[in-house]
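Residues in the sequence shown are numbered consecutively from 1241, following my numbering.
We treat Cβ as the ideally placed atom computed from N, Cα and C, and that holds for glycine.
Note that the coordinates shown come from a computational prediction; the quantities given were computed from them, not determined experimentally.
A short worksheet on the structure shown next.
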Amino acid sequence: MRKAYFWGGIHPKGNKSMSRGQDSLPAPQFKTVVLPMVQHIGVACTPLVKPRDQVKLGQKIGDGAGVCAPVHASVSGKVLAVEPRPHPSGREVLSVVLENDGLDTLAPTMHAHHDHRNLEPNEILAIVHEAGIVGMGGATFPTDVKAFSALGKVDCMIINACECEPYITSDDTLICHFPQEALGGTEVLQWTLQPARTVIAIEDNKPEAIAVLRQILRGRTDLELLVLPTRYPQGAEKQLIQAVTGRLVPPGALPATVGCAVFNIATAAAIWRAVYAGQPITRRIVTITGDGVAAPQNMILRIGSSFADAIDAAGGLLEGTKKVISGGPMMGFAQKRLDIPILKGTNAILCLKHGNETLENPVCIRCARCVSVCPMHLQPLYLYRFTKLRSVAQLTRFHLMDCIECGCCSFICAGQLPLVEQIRAGKQMWKEANQR
Ligand code: SF4
Ligand code: SF4
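So this is what it looks like as structure tokens:
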């Protein structure tokens, strides 16, 4: 094991044992799924179906031009509606609502290949695009666009298996149950980008997954397993690049600037399924966990399944549950309703009996703890202050947009200030001011 040396960071309680090893793979079928046309960063898809159409599993039902990832039917059945529906972002988003016929009749749309080495990089990227693959760790940037921007520019490719957020064990579960898919997808990416060095990076709090990876990588000289000491937010792209290579990605720059490309391990597995099984993204592993759910576990869920159905399948919410979060406790988003769908980037549903106890009038005591943990070398107390003062010029001066919203500052804050919440509001304000 090597010493991680990215700047800042914290050691929150992991709480991973709650869901680790408790797996329902696959989960039960649900009656309806809701597939939003926005599940990625970029241009929204346009629906390709209309109410009363029949669809097959894997059929493309939404697509668009530019930076976009198509959406596919995650069940076979009938289109009930094409209309705005609640979305985990808090907005209403145009969605295709499908009634599941339970038959899983397959759409013969994608071709399964026998050997990725017979494919050119651009052919592989076309398959990745057609399968609607996005960053499955939650980033949701279209993977073909990311890989294209790295072509011919990287000497180090990192497969991110850190899963540094507390509570979440979906990547851990993926490695333990489907290691060949993860390894196979890594090989496809290796073939596409031809890096001199390929590293699978994982934190030392996943002993079973590490053992599985050691086993399948035995004798391999082209793939390196790097076990890093657990530290949040090691799985963030820039921090991981620094921990693995010592290189610093400049503010606003892409990892390729320093010769690196990072892909989540679940993204790699999705690539393997697209290339070797001809499967677009129609399902994913989701961790349903926390002290507010009866039976914490990992499930394979169809994209578009509702949070409510998923939580019910895990035994339901327990009395006293105060908060349901899409994602983890550090970077996730608290949800006001449960009739929202699982998206391609939903790695966890966290149900908690405790909320973020905030003070009515929190006061900064200038202890500078937030500064000492910020992995982006920012001064969160000033970002908070200038957001409150609505000073866009000062927010620019203090590099607001470099914030990765990791939540370390809020976690450590002695004055219990809702720092990251304000910083997110500040970013919105900054964007609006700079669009004028
Ligand atoms: S300011 Fe942003 S990057 Fe820095 S600790 Fe806070 S949330 Fe993380
Ligand atoms: S940690 Fe909180 S109280 Fe301390 S300086 Fe930062 S904002 Fe102020």
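Select from the options the residue whose C-alpha is nearest the C-alpha of residue i.
{"i": "Cys-1416", "options": "Met-1397, Leu-1391, Ile-1442", "result": "Ile-1442"}
{"i": "His-1594", "options": "Gly-1306, Glu-1339, Asp-1531", "result": "Asp-1531"}
{"i": "Leu-1275", "options": "Pro-1287, Cys-1500, Val-1484, Ala-1390", "result": "Pro-1287"}
{"i": "Ala-1508", "options": "Pro-1469, Leu-1466, Glu-1421, Gly-1518", "result": "Glu-1421"}
{"i": "Met-1397", "options": "Gly-1302, Val-1307, Ala-1305, Val-1498", "result": "Val-1498"}
{"i": "Glu-1693", "options": "Gly-1572, Gln-1675, Arg-1577", "result": "No information on residue 1693 is available, as it lies outside the stretch 1241 to 1676 that the chain covers here."}
{"i": "Val-1515", "options": "Leu-1466, Glu-1661, Ser-1259, Ala-1352", "result": "Ala-1352"}
{"i": "Cys-1285", "options": "Pro-1268, Val-1333, Ala-1517", "result": "Val-1333"}
{"i": "Ile-1699", "options": "Val-1322, Gly-1330, Gly-1425", "result": "Examination of residue 1699 is not possible in this model, given that the chain is present from 1241 through 1676 alone."}
{"i": "Ile-1187", "options": "Gln-1294, Pro-1348, Leu-1320, Ile-1408", "result": "With the chain running from 1241 to 1676 in the structure shown, residue 1187 is simply not present."}
{"i": "Ser-1389", "options": "Ser-1259, Pro-1361, Gly-1568, His-1251", "result": "Pro-1361"}
{"i": "Leu-1592", "options": "Ala-1496, Asn-1445, Ala-1535", "result": "Ala-1535"}
{"i": "Ala-1665", "options": "Ser-1631, Arg-1637, Asp-1263, Gln-1656", "result": "Ser-1631"}
{"i": "Glu-1181", "options": "Pro-1620, Arg-1513, Ala-1321", "result": "Because the chain here runs from 1241 to 1676, residue 1181 falls outside it and cannot be looked at."}
{"i": "Gly-1304", "options": "Val-1278, Leu-1320, Arg-1325", "result": "Val-1278"}
{"i": "Pro-1419", "options": "Glu-1600, Thr-1438, Arg-1454, Glu-1323", "result": "Arg-1454"}
{"i": "His-1354", "options": "Gly-1518, Arg-1637, Ala-1633", "result": "Gly-1518"}
{"i": "Ala-1633", "options": "Leu-1657, Phe-1651, Ala-1673, Ile-1652", "result": "Ala-1673"}
{"i": "Arg-1606", "options": "Thr-1636, Gly-1567, Gln-1656, Leu-1578", "result": "Gln-1656"}
{"i": "Glu-1546", "options": "Ser-1335, Asn-1255, Lys-1290, Gln-1294", "result": "The sequence as given places Ser at residue 1546; Glu does not occur at that position. Considering only alpha carbons, the answer is Ser-1335."}
{"i": "Leu-1297", "options": "His-1280, Val-1315, Lys-1290, Trp-1670", "result": "Val-1315"}
{"i": "Asp-1263", "options": "Tyr-1245, Val-1337, Val-1322, Met-1539", "result": "Met-1539"}
{"i": "Leu-1265", "options": "Gln-1537, Arg-1637, Lys-1290", "result": "Gln-1537"}
{"i": "Leu-1391", "options": "Ser-1329, Gln-1575, Ala-1496", "result": "Ala-1496"}
{"i": "Arg-1637", "options": "Cys-1653, Ser-1650, Phe-1651, Pro-1620", "result": "Pro-1620"}
{"i": "Lys-1290", "options": "Ser-1259, Met-1258, Glu-1323, Ile-1281", "result": "Glu-1323"}
{"i": "Ala-1436", "options": "Gly-1261, Thr-1380, Ala-1501", "result": "Ala-1501"}
{"i": "Thr-1380", "options": "Val-1533, Val-1295, Leu-1578, Ile-1521", "result": "Ile-1521"}
{"i": "Ala-1574", "options": "Pro-1328, Lys-1671, Lys-1393", "result": "Pro-1328"}
{"i": "Leu-1429", "options": "Ile-1511, Cys-1402, Gln-1675", "result": "Ile-1511"}
{"i": "Pro-1326", "options": "Pro-1569, Leu-1346, His-1356, Val-1273", "result": "Val-1273"}
{"i": "Gln-1299", "options": "Pro-1348, Val-1337, Ser-1257", "result": "Pro-1348"}
{"i": "Ala-1321", "options": "Gly-1330, Ser-1410, Gln-1294", "result": "Gln-1294"}
Rounded C-beta distance between residue i and residue j? I'm assuming under 8 Å.
{"i": "Gly-1544", "j": "Ile-1580", "result": "At roughly 10 Å, the Cβ-Cβ gap does not stay under 8 Å, so Gly-1544 and Ile-1580 are not in contact."}
{"i": "Pro-1602", "j": "Cys-1648", "result": "No, Pro-1602 and Cys-1648 are not in contact; Cβ-Cβ is about 17 Å, not under 8 Å."}
{"i": "Val-1283", "j": "Gly-1306", "result": "5 Å"}
{"i": "Pro-1447", "j": "Lys-1253", "result": "About 18 Å; that fails the 8 Å criterion."}
{"i": "Ile-1589", "j": "Ala-1553", "result": "That belief does not hold up - the Cβ atoms of Ile-1589 and Ala-1553 are roughly 11 Å apart, past 8 Å."}
{"i": "Phe-1503", "j": "Asn-1400", "result": "7 Å"}
{"i": "His-1639", "j": "Leu-1618", "result": "6 Å"}
{"i": "Arg-1524", "j": "Lys-1584", "result": "7 Å"}
{"i": "Gly-1377", "j": "Gly-1475", "result": "7 Å"}
{"i": "Thr-1438", "j": "Ile-1364", "result": "Not really, about 16 Å apart at Cβ, beyond 8 Å."}
{"i": "Ile-1505", "j": "Leu-1465", "result": "Not confirmed; about 12 Å, so no contact."}
{"i": "Ile-1663", "j": "Arg-1609", "result": "Rounded, the Cβ-Cβ distance is 16 Å, inconsistent with contact."}
{"i": "Ala-1493", "j": "Phe-1246", "result": "Not really, about 16 Å apart at Cβ, beyond 8 Å."}
{"i": "Thr-1413", "j": "Asn-1445", "result": "Between Asn-1445 and Thr-1413 the Cβ distance is about 14 Å, and since that is not below 8 Å, they are no contact."}
{"i": "Leu-1346", "j": "Gly-1317", "result": "Their Cβ separation, rounded to whole angstroms, is 13 Å, which puts Leu-1346 and Gly-1317 out of contact at 8 Å."}
For chain C, is any of its Cβ atoms less than 7 Å away from the one on residue i?
{"i": "Val-1428", "result": "No chain C is part of this structure, which consists of one protein chain only."}
**Request:** Mind listing, in chain order, the continuous alpha helix (DSSP H) runs of no fewer than 4 residues lying wholly within the stretch 1587-1669?
**Result:** Counting whole runs of 4 or more residues, the stretch 1587-1669 contains the alpha helix (DSSP H) stretches 1609-1613, 1620-1628, 1632-1637, 1648-1652.
**Residue ranges of each beta strand (DSSP E) within the stretch 1300-1325, 3 or longer** = Considered as a whole, the stretch 1300-1325 harbours 1300-1303 as its complete beta strand (DSSP E) runs of no fewer than 3 residues, in chain order.
**Message:** For the stretch 1556-1572 against the stretch 1618-1630, do three or more pairs of beta-carbon atoms, one drawn from each stretch, fall closer than 8 Å, so that the two count as touching?
**Reply:** With the cut-off at 8 Å, the stretch 1556-1572 and the stretch 1618-1630 do not touch.
**Message:** In chain order, what are the residue ranges of uninterrupted beta strand (DSSP E) at least 3 long that sit wholly in the stretch 1436-1512?
**Reply:** Qualifying beta strand (DSSP E) stretches, in chain order: 1437-1443, 1464-1468, 1500-1504.
**Request:** Please specify which runs of the alpha helix (DSSP H), each continuous and at least 4 residues long, are wholly inside the stretch 1336-1393, giving them in chain order.
**Result:** With a minimum length of 4 residues, the unbroken runs of alpha helix (DSSP H) contained wholly in the stretch 1336-1393 fall at 1361-1370, 1383-1390.
**Request:** Output the residues surrounding ligand 2, defined as those with a CB atom closer than 7 Å to any ligand heavy atom, in chain order.
**Result:** Cβ-based neighbours of ligand 2 within the cut-off: Cys-1604, Ile-1605, Arg-1606, Cys-1607, Ala-1608, Arg-1609, Cys-1610, Val-1611, Pro-1620, Leu-1621, Tyr-1624, Cys-1649, Ile-1652, Cys-1653, Ala-1654, Gly-1655, Leu-1657, Leu-1659.
**Message:** Contact between the stretch 1382-1389 and the stretch 1458-1473 is defined here as three or more beta-carbon pairs at a separation below 8 Å; is this criterion met?
**Reply:** The stretch 1382-1389 is not in contact with the stretch 1458-1473.
**Asked** Would you call the stretch 1549-1559 and the stretch 1604-1618 touching, i.e. three or more CB-CB distances under 8 Å?
**Response** Verdict: no, contact absent.
**Asked** Quick one: any contact between the stretch 1364-1373 and the stretch 1307-1326, if contact means 3 or more CB pairs under 8 Å?
**Response** Contact check between the stretch 1364-1373 and the stretch 1307-1326: three or more CB pairs, one atom from each, fall below 8 Å, which counts as touching.
**Request:** Mind listing, in chain order, the continuous alpha helix (DSSP H) runs of no fewer than 4 residues lying wholly within the stretch 1514-1582?
**Result:** Entirely contained in the stretch 1514-1582, the alpha helix (DSSP H) runs reaching 4 residues are, in chain order, 1547-1553.
**Asked** Okay, do the stretch 1259-1276 and the stretch 1334-1342 touch, 3+ Cβ pairs below 8 Å being the bar?
**Response** In short, these stretches touch, since the Cβ pair count reaches three.
**Request:** Jot down the residue ranges of each uninterrupted beta strand (DSSP E) in the stretch 1241-1284, minimum 3 residues, whole runs only, in chain order.
**Result:** The stretch 1241-1284 contains these whole beta strand (DSSP E) runs: 1272-1276.
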